[in-house]
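Note sheet for the following structure.
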Amino acid sequence: MSHVTRETLTSVLEEIALLLELKGENPFKIRAYRQGAEIVGSFDGDIVARARDNDLDGIKGIGAALQDKLHELASTGELEFHQKLRAEYPAGIFDLFDVEGLGPKKVAALYNKLGIDSLPALKQACEDGKVAELSGFGKKTEQKILEALARREKFADRFRLHTATHAAETILEALRDHPKVLRAQYAGSLRRSRETVGDLDFIVATDSPAELTEWFSRLDQANEVIARGDTKCSIRLDNGLQCDLRAVSNDQYPFALQYFTGSKEHNVALRSRALKQGLSLNEYGFSAAGKATQHEPIPAVHDERDIYRTLGLDLIPPELRENRGEIEAADEGVLPRLVELENLRGTFHNHTTASDGHATLEEMGGAAIELGLRYLGIADHSKASFQANGLDEERLLKQVEEIGTWNDNHGEELWIFSGSEVDILKDGSLDFADDILARLDYTVASVHGSFTLDEKTMTRRLIRAMENEHVTMLGHLTGRLLLRRDGYAVNHEKIIDCAAETGTIIEINCNPHRLDMDWRWWRKARDRGVLTSLNPDAHRPEQFQFLKFGIGVARKGWLRKEDVLNTFPLEEVKEFLGKPKKQR
DNA sequence: GCCGTTTTCGGCCCGACTGTTTTCAGTCG
621 MSHVTRETLT SVLEEIALLL ELKGENPFKI RAYRQGAEIV GSFDGDIVAR ARDNDLDGIK
681 GIGAALQDKL HELASTGELE FHQKLRAEYP AGIFDLFDVE GLGPKKVAAL YNKLGIDSLP
741 ALKQACEDGK VAELSGFGKK TEQKILEALA RREKFADRFR LHTATHAAET ILEALRDHPK
801 VLRAQYAGSL RRSRETVGDL DFIVATDSPA ELTEWFSRLD QANEVIARGD TKCSIRLDNG
861 LQCDLRAVSN DQYPFALQYF TGSKEHNVAL RSRALKQGLS LNEYGFSAAG KATQHEPIPA
921 VHDERDIYRT LGLDLIPPEL RENRGEIEAA DEGVLPRLVE LENLRGTFHN HTTASDGHAT
981 LEEMGGAAIE LGLRYLGIAD HSKASFQANG LDEERLLKQV EEIGTWNDNH GEELWIFSGS
1041 EVDILKDGSL DFADDILARL DYTVASVHGS FTLDEKTMTR RLIRAMENEH VTMLGHLTGR
1101 LLLRRDGYAV NHEKIIDCAA ETGTIIEINC NPHRLDMDWR WWRKARDRGV LTSLNPDAHR
1161 PEQFQFLKFG IGVARKGWLR KEDVLNTFPL EEVKEFLGKP KKQR
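Counting from 1 along the first sequence, just add 620 to a position and that's the residue number in this note's numbering.
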């Protein structure tokens, strides 16, 4: 029996939904499977064990049929219903859904009428002009499919935050400078601080929407205009990133901003709450829902806060809008006061030219002062990371001396903590002996090799490291590189429990390639009493800017100022690091 | 397939845009 994970359950449910769509099944049944996948994916608890034990009663959205199917899948590793559906279509057909402009109806037509079952077959059929002949298709559709196929080979379909943020801020600035724009903001997953984004959404309030969409389509950055109407325009930038503009009236603006910020799941939950109050909510406003018996006046709405207030909720920060308990918390008035960039007083885990950084200790210190930080933690690589010019004991102790000199001269302005990003070796031991580590102010323990251990062994390896008195924090927990490499297998729950027991901090690595540990785990970790540190892992001064991405992760993870070590004043950090780990 | 202080049956979010049509289906968000 193959090993069943949460991922197995969600992907099977999603695949069933797709296959049912191909067959032209009842759309509501299809949605039930999709929602089932969503619920399983974000379930707070060991959903795999619950499914195996047939203990799924009372989970909203998982009815009798899905319970049976999940139980069968979790206990046997297979699901007959799924296998049978799958056998009706070739495997390559799933790739067709990824082509822009192709949905279930068109994919079904391509397969049923032309036998197209793979991307190469699709390309060939378009080039032969066969696709244009199908009813419901035409010359333009055929051309667009070819373009979409070419684009797939050339561009990524998702983008990391530094790329997306840079483009978004440039365009937002231009929008706000436009004389006909009253208010403007970017919405979508970027506003929610997701770890990667698929496209950018801009909302503007204006009295001249058509003029704005026209202007947007002519932006310098627009490599291609995908669509343009009187209220909506989509362009594609040179790097393939799609940007959508929605132009609305000033009255509609808060609704459009709320709606397009999402998430979809959050909005669905919000709308159903509105309906219970006799209100219908969409991207343009509130209206009376159902049989309008006697409708109370709908309160005026000027901004997002008013929308939430009308629904009896505190304003929910965009980062929390994932339908993971934020609506309930807002209802009870117990939303956390989230940490902000301005709360940060220092930062740990930064590199210098001593290992693989591009700036000297003095340059990094100078940049930290310019940023207004009160303290800085240096943590260069250890000797096992020879590819990164890791420090041996001698060079490390020399650096400790240099930092001492810095503190003698500049400590009043910027205090530097001497540390090490010490490698966790394959067996969980550390790259430096305890007596060396004891001479440092702090350490970040990270895995830089032997990534392919199985989950149990990898988890044991990390736990052994955390049990060391001298390990202050764990670096980039899973080693993932977003859009490039999955993290190594590790049992997050056990790591979080161990961090809580041993008093080990888990860093949020703020590098936009990592953003590790993932935001989805932080609320749980926080509730167990685990502390984090927002670490830019800066290899050059500009990379202190990564802190803003880490703040996004922390906020998405429901973290408050008091959950983040580097919001503490210097004296408190010194006191904290001076205490034995267990007492922190 | 799921759900129920309107319902155990009959609902389930919907508006904008494009392309293929000749009044609308499909896709997207």
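C-beta: ideal position from N, C-alpha, C; glycine also.
- When rounded, the separation of the alpha-carbon atoms in Arg803 and Asp688 is 50 angstroms.
- For Ala1174, the uninterrupted alpha helix (DSSP H) run begins and ends at Leu1167 to Lys1176, by DSSP.
- Counting along the chain, Gln687 sits inside the alpha helix (DSSP H) bounded by residues Ala684 to Thr696.
- Runs of the alpha helix (DSSP H) lying entirely within the stretch 670–754 and spanning at least 4 residues, in chain order: 684–696, 700–707, 713–716, 724–734 and 739–747.
- DSSP, reduced to helix, strand and coil, places Tyr806 within a strand of the structure shown.
- Judged by DSSP secondary structure, Arg856 falls outside any alpha helix (DSSP H) and instead within the beta strand (DSSP E) spanning Lys852 to Leu857.
- By a beta-carbon distance limit of 8 angstroms, Ile1171 does not contact Trp1141. Their separation comes to about 17 angstroms.
- Ranked by Cα distance from Lys1201, the first of Thr1187, Asn1186 and Thr1063 is Thr1063.
- Cβ-Cβ distances below 6 angstroms link Asn674 to His691 in the same chain, with the five nearest sequence neighbours on each side left out; the list follows chain order.
- Cβ contact annotation for Thr973 (same chain, cutoff 7 angstroms, sequence separation greater than five): Ala979 and Thr980, in chain order.
- For Val1064, the uninterrupted beta strand (DSSP E) run begins and ends at Tyr1062 to Ser1066, by DSSP.
- Counting C-beta atoms within 10 angstroms of its own C-beta, Pro1189 has fewer than 16 neighbours from the protein chains shown and is therefore classed as exposed.
- The criterion of a C-beta distance shorter than 8 angstroms is not satisfied by Ala729 and Leu705.
- Within the DSSP bridge table, the entry for Arg812 names no partner.
- Shown here, Phe836 sits in a helix according to DSSP, grouped into three states.
- Leaving aside the five residues that flank Gly756 on each side, the residues in its chain whose CB is nearer than 7 angstroms to its CB run, in chain order, Ala729.
- Inclusion of Phe906 and Cys863 in the CB contact set at 8 angstroms is not warranted, their separation being larger than that value.
- Runs of the beta strand (DSSP E) spanning 3 or more residues and lying entirely within the stretch 863–931 occur at 899–901 and 906–908, in chain order.
- Counting along the chain, Ala842 sits inside the beta strand (DSSP E) bounded by residues Ala842 to Arg848.
- A residue is called buried when at least 16 other Cβ atoms come within 10 angstroms of its Cβ; Asp797 does not meet this threshold and is exposed.
- The residues Val1173, Lys1176 and Gly1177, in chain order, have a CB closer than 6 angstroms to that of Trp1139 in the same chain once the five nearest residues on each side in sequence are set aside.
- A contact between stretches requires three or more CB pairs, one per stretch, nearer than 8 angstroms, and the stretch 1011–1029 fails this requirement with the stretch 1043–1050.
- In the three-state reduction of the DSSP assignment, Ile936 falls in the coil class, being assigned neither a helical nor a strand state.
- For Ala847, the closest alpha carbon among the candidates Gln1203, Lys764, Arg1134 and His886 is that of Lys764.
- In the pairwise beta carbon analysis, the stretch 887–896 is classified as not touching the stretch 842–858: fewer than three pairs are separated by under 8 angstroms.
- Ala1053 and Asp976 have their C-alpha atoms some 22 angstroms from each other.
- Scanning Glu903, Tyr904 and Ala908 for the CA closest to the CA of Lys896 turns up Ala908.
- Counting other Cβ atoms within 10 Å of its Cβ, Lys774 stays below 16 and is therefore classed as exposed.
- For the pair His1133 and Leu1101, the CB atoms are nearer than the 8 angstroms cut-off.
- Look at Met984 here: in three-state DSSP terms it is helix.
- Within the same chain, Ala776, Arg778, Arg780 and Thr816 come within 7 angstroms of Leu1103 by CB-CB distance, once the 5 residues on both sides are set aside.
- Around the beta carbon of Leu961, fewer than 16 other beta carbons lie within 10 angstroms, which makes this residue exposed.
- Between Asn1027 and Glu1075, the gap from beta carbon to beta carbon reaches 8 angstroms or more.
- Rounded to whole angstroms, the Cβ separation of Met1078 and Thr1124 is 16 angstroms, and the two are not in contact under 8 angstroms.
- When rounded, the separation of the alpha-carbon atoms in His1001 and Phe968 is 13 angstroms.
- In this structure, Ala988 keeps its C-beta atom at 8 angstroms or more from the C-beta atom of Glu1041.
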